[in-house]
Amino acid sequence: MIPKKKLNIYPKNDTNIQAIIEYYFTELELNTEGAVEYLMNEKTSLELNQIQFICRKINEGYLNIFRPNLKGIIELKNLLSYSVDALTKNKTEWNGSKNRIRITQEFLDFVKQTEINIDYLEKNN
2 MIPKKKLNIY PKNDTNIQAI IEYYFTELEL NTEGAVEYLM NEKTSLELNQ
52 IQFICRKINE GYLNIFRPNL KGIIELKNLL SYSVDALTKN KTEWNGSKNR
102 IRITQEFLDF VKQTEINIDY LEKNN
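Numbering (the numbering used here), first residue to last: 2 to 126.
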């Protein structure tokens, strides 16, 4: 449900990922520590255009989905994990508590409701 890798035109590197993080999350109360490393080392299959899409959707859904459901300091690395699961895995593959799965489902529902070309993304990815 994320954009195709072949549509990527920019290199995936620390500088470009950091620029995306700063663009989408500077205004939010998030701990961004470790997010670049997470995306470079643990989510190696994601291209930069896919990371940008995921970050944009996290930003758009932050106040309605993540902020009300998560307490204390929220880590971007954690939000990325929820989001990557929601957008790249089948629901049967989601791991974690009932609360985590519920939040992941809420995020997936949010993306489906707010993304204009969701049918295109689902059919072509």
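Yeah, the Cβ is synthetic: ideal placement off N, Cα and C, and Gly gets one too.
Alpha-carbon to alpha-carbon, residue j and residue i
| i | j | result |
| --- | --- | --- |
| Leu40 | Ser98 | 23 Å |
| Gln19 | Val37 | 6 Å |
| Asn60 | Ile22 | 10 Å |
| Ile75 | Glu30 | 7 Å |
| Gln106 | Thr93 | 12 Å |
| Asp110 | Tyr25 | 21 Å |
| Ser127 | Lys6 | Since the first residue shown for the chain is 2 and the last is 126, residue 127 is missing from the structure and cannot be characterised. |
| Ile10 | Phe54 | 14 Å |
| Arg57 | Thr115 | 12 Å |
| Asn91 | Pro12 | 28 Å |
| Ile102 | Asn14 | 30 Å |
| Asn42 | Asn100 | 27 Å |
Paired residues, beta bridge with residue i - DSSP
| i | result |
| --- | --- |
| Leu31 | Ile75 |
Cβ distance (whole Å) where residue i is taken to contact residue j below 8 Å
| i | j | result |
| --- | --- | --- |
| Leu77 | Thr33 | 5 Å |
| Ile66 | Ile104 | 7 Å |
| Leu80 | Val112 | Not confirmed; about 13 Å, so no contact. |
| Pro4 | Asn70 | Not confirmed; about 26 Å, so no contact. |
| Phe108 | Gly73 | The pair is not a contact, with the Cβ atoms about 19 Å apart (cut-off 8 Å). |
Reference residue i; option with closest CA among the options
| i | options | result |
| --- | --- | --- |
| Leu8 | Asn14, Glu48, Tyr24 and Asn42 | Glu48 |
| Lys44 | Phe108, Trp95, Ile3 and Ser82 | Ser82 |
| Glu28 | Asn96, Ser84, Trp95 and Leu64 | Leu64 |
Problem - Segments assigned alpha helix (DSSP H), at least 4 residues, entirely inside the stretch 5-57 - result: Contiguous alpha helix (DSSP H) elements confined to the stretch 5-57 occur at 15-26, taking only those with 4 or more residues.
>> Threshold first: 3 residues or longer. Then list the beta strand (DSSP E) segments lying entirely within the stretch 85-112, N to C.
In response: None, since the stretch 85-112 contains no complete beta strand (DSSP E) of that length.
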